[in-house]
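Undergrad:
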């Protein structure tokens with residue numbers, strides 16, 4: 264969603280994705296000497312590192328801090344139960360909602376068990392099952408996202424990972440209830456987007472939202488993963504970048520130094536923004552809600568091809 268080939272100005276000159284990245288690479292190289300003093304290049308890479316900080320509060324932390332009476336739903340009613348996705352009915356400031364969060368794990372053992380937060384098809388299907396239940400009972404849906412992408416393993420592909428993601432994209436666009444997504448750390452590729460086709464997309468101030476990681480981008484474009492800072496500059500994946508491109512609706516401020524410095528305060532700030540947006544969405548009728556969601560995603564950005 265935030266790759267360099269995305270241009271929001273319709274009158275901008277045409278360019279190919281490779282040319283856009285190459286241009287950003289040249290700019291980054293020229294600024295290499297300035298990066299040590301806080302130049303633009305390392306500003307984006309530094310935010311990427313903050314988004315991945317090992318002590319950064321994860322979606323489960325925010326779920327536990329902001330929601331009460333969580334009643335978890337298990338299984339996708341098709342194959343199994345993916346531990347990388349937690350979802351269930353809960354209370355948010357007294358109101359009943361459906362909350363969906365991906366689980367990264369906190370210890371090494373937990374991270375391995377949860378595939379570092381990368382969902383299997385069963386996770387996306389379980390999330391969709393939860394969304395449909397929310398629609399049935401007229402409850403808003405709130406998703407909390409911090410993942411580098413969907414699980415790319417062979418088993419996941421054999422069980423229909425692409426289909427599961429595509430179905431979520433379609434069905435989320437049609438949900439007849441208010442929906443809010445929050446990028447709390449990394450929002451990676453289609454794996455994140457499959458939980459973020461929502462009426463409002465919020466990003467924590469020091470999170471990132473991108474079609475590919477800087478390391479993977481550098482490996483593909485320049486055959487050198489060490490050029491990750493240049494790739495981060497080209498991808499424009501930070502919260503201000505995503506807001507400028509129209510990929511998100513609002514940036515949520517973090518405590519000084521980042522959410523990992525004061526996790527409880529970060530949760531309180533986020534809860535206030537969710538409440539504010541939820542109130543605005545619930546004031547809309549269903550038809551107006553769906554029309555606004557459709558228009559938002561159709562007009563999100565413009566792509567140019569050479």
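Numbering (our numbering), first residue to last: 264 to 569.
Cβ atoms here follow ideal geometry from the backbone N, Cα and C, with glycine treated the same way.
What does a CB cutoff of less than 7 Å around residue 501 pick up in its chain, not counting 5 residues either side in sequence?
TA: Closer than 7 Å at the Cβ level, and outside the excluded window around residue 501, lie 307, 310 and 471.
Undergrad: Take residue 451 as the anchor and find which of 443, 441, 328 and 480 has the nearest alpha-carbon.
TA: The residue with the shortest Cα to Cα distance from residue 451 is 480.
Undergrad: With a CB to CB cut of under 8 Å and the five nearest residues on each side skipped, what residues in its chain are close to residue 487?
TA: Hits under 8 Å: 481.
Undergrad: Is the number of C-beta pairs between the stretch 373 to 387 and the stretch 424 to 435 that are closer than 8 Å three or more?
TA: Contact between the stretch 373 to 387 and the stretch 424 to 435 is present, because at least three Cβ pairs lie under 8 Å.
Undergrad: Just curious, the beta strand (DSSP E) that residue 332 is in, first and last residue?
TA: That run of the beta strand (DSSP E) goes 331 to 336.
Undergrad: Mapping the DSSP letters down to three states, classify residue 414 as helix, strand or coil.
TA: Three-state result, residue 414: coil.
Undergrad: Would you please state the rounded distance, in angstroms, between the beta carbons of residue 422 and residue 342? I believe it to be under 8 Å.
TA: The Cβ separation is near 6 Å, so the contact holds.
Undergrad: Who are the near neighbours of residue 551 in its chain, counting only those whose CB is closer than 6 Å to its CB and skipping five residues on each side?
TA: Excluding positions up to five away in sequence, the list is empty.
Undergrad: Taking only the alpha-carbon atoms, compute the straight-line gap between residue 508 and residue 325 and give it to the nearest angstrom.
TA: Approximately 26 Å, taken between the alpha carbons.
Undergrad: How many angstroms separate the CA atom of residue 351 from the CA atom of residue 525?
TA: Between residue 351 and residue 525, the C-alpha separation is close to 26 Å.
Undergrad: Just the Cα atoms here: how many angstroms apart are residue 353 and residue 510?
TA: So the two alpha carbons sit approximately 28 Å from each other.
Undergrad: According to the neighbour-count rule (16 or more other Cβ atoms, all chains shown, within 10 Å of its Cβ), is residue 562 buried or exposed?
TA: Residue 562 comes out exposed.
Undergrad: Going by CA-CA distance only, name the one from 405, 432, 493 and 468 that's closest to residue 454.
TA: Measuring from the Cα of residue 454, the nearest candidate turns out to be 432.
Undergrad: Bridge partners for residue 404 per DSSP, in chain order?
TA: In the DSSP output, where bridge partners are listed per residue, residue 404 has 361 and 442.
Undergrad: Considering only the beta carbon of each residue, do residue 347 and residue 366 sit closer than 8 Å?
TA: Contact flag set, yes.
Undergrad: Check residue 461 in the structure and name its three-state DSSP category.
TA: In this structure, residue 461 counts as coil in the three-state DSSP scheme.
Undergrad: Thinking C-alpha only, which one of 401, 469, 514 and 339 is nearest residue 312?
TA: Out of 401, 469, 514 and 339, 469 has the C-alpha closest to the C-alpha of residue 312.
Undergrad: At 4 residues or longer, what runs of the alpha helix (DSSP H) sit wholly inside the stretch 448 to 516?
TA: As far as the stretch 448 to 516 is concerned, its whole alpha helix (DSSP H) runs of at least 4 residues are 452 to 456, 477 to 485, 491 to 498 and 502 to 508.
Undergrad: Would you mind stating whether residue 533 and residue 329 have Cβ atoms separated by less than 8 Å?
TA: Cβ distance < 8 Å, so residue 533 and residue 329 count as in contact.
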